[in-house]
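Here is the structure we will look at, set down as structure tokens.
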Amino acid sequence: EDKVVQSPLSLVVHEGDTVTLNCSYEVTNFRSLLWYKQEKKAPTFLFMLTSSGIEKKSGRLSSILDKKELSSILNITATQTGDSAIYLCAVGGGSNYKLTFGKGTLLTVNP
Amino acid sequence: DAGVIQSPRHEVTEMGQEVTLRCKPISGHDYLFWYRQTMMRGLELLIYFNNNVPIDDSGMPEDRFSAKMPNASFSTLKIQPSEPRDSAVYFCASSPRTSGNTGELFFGEGSRLTVL
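Residue numbers (this note's numbering), protein chains in the order written: chain Z, 2 to 112; chain A, 13 to 128.
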């Protein structure tokens, strides 16, 4: 069975801190790994990674994939209260070539 | 573009009643997905369509759940009869052909269902 595990499940930091969120997977026929941010409503897309070792960056957020270790990290530097959200990792592949989501990491950034 | 549109946003019903959730995908997107989100199980794929044809419904919990896509701009997810354990947020998402079913999905704002 395809599996995506995120850690930690929750995290509380102060504004300005740097955080690293982890995602590990066991998925056959790997195609892609995606990160989403979910505030109160719909998940919104952050990154899609398909190649190992190539960092994707958007402002204070960055992510990298390690296919050898079957994992990815999402880094957020100089956190702000607006970064408070659930961060979801999803992996595309499996016998049915679909996205399997992890349960998410709840990040709380306090002022 | 208006994005993926779902209705109703909130639904409270009693056990045994029929529930119908609706979705309008982004125009031009070939794929449509129905997901369910709960605290315990996270986001789970229920079913997805490609060009209005159901491709994979292995995530549909049981026969009480059914989904249709009569045309490219409309889909429904029906639960009949509903049970308290069906309480969850139901998301519809769509994606263009270039993303397929393993690329970026565009989510609607969800329908929060409470079954009493």
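Ideal Cβ positions, reconstructed from N, Cα and C, are used throughout, including at glycine.
- Within chain A, the residues placing a beta-carbon under 7 angstroms from that of Z:Pro-44 are Phe-119, ordered along the chain.
- The count of Cβ pairs closer than 8 angstroms, one atom from the stretch 13-30 of chain Z and one from the stretch 59-70 of chain A, stays below three, leaving the stretches out of contact.
- Excluding sequence positions up to five before and after A:Ser-87, its CB lies within less than 6 angstroms of the CB of Cys-35, Leu-44 and Met-81, all in the same chain and listed in chain order.
- At a cut-off of 8 angstroms between C-beta atoms, Z:Ser-59 does not count as an interface residue with respect to chain A.
- Counting only residues of its own chain and dropping the five nearest sequence neighbours on each side, A:Glu-95 has a CB closer than 7 angstroms to the CB of Met-27 and Val-127.
- At least one CB atom of chain Z sits nearer than 8 angstroms to the CB of A:Leu-55.
- Taken in chain order, the complete beta strand (DSSP E) segments of 3 residues or longer contained in the stretch 16-82 of chain A are 17-19, 22-25, 31-36, 43-50, 54-62 and 65-68.
- For Z:Asp-84, no beta strand (DSSP E) segment is defined, and its DSSP state is neither H nor E.
- Contacts between A:Thr-114 and chain Z, judged by CB atoms closer than 8 angstroms, involve Arg-32, Ser-33, Gly-93, Gly-94, Tyr-98, Lys-99 and Leu-100 in chain order.
- Contacts between A:Gly-122 and chain Z, judged by CB atoms closer than 7 angstroms, involve Lys-42 and Ala-43 in chain order.
- Under the DSSP assignment, A:Ala-105 falls in the beta strand (DSSP E) whose first and last residues are 100-107.
- A:Ser-106 is the residue among A:Asp-75, A:Arg-21, A:Ser-106 and A:Leu-55 whose C-alpha sits nearest the C-alpha of A:Asn-63.
- Between the stretch 22-37 of chain Z and the stretch 15-24 of chain A, the count of Cβ pairs shorter than 8 angstroms is below three; the stretches do not touch.
- In this structure, the straight-line span from the alpha carbon of Z:Met-49 to that of Z:Ile-55 is close to 11 angstroms.
- In this structure, DSSP gives A:Pro-96 a helical state, which the three-state scheme calls helix.
- In this model, A:Thr-110 and Z:Asp-67 are separated by some 24 angstroms (Cα to Cα).
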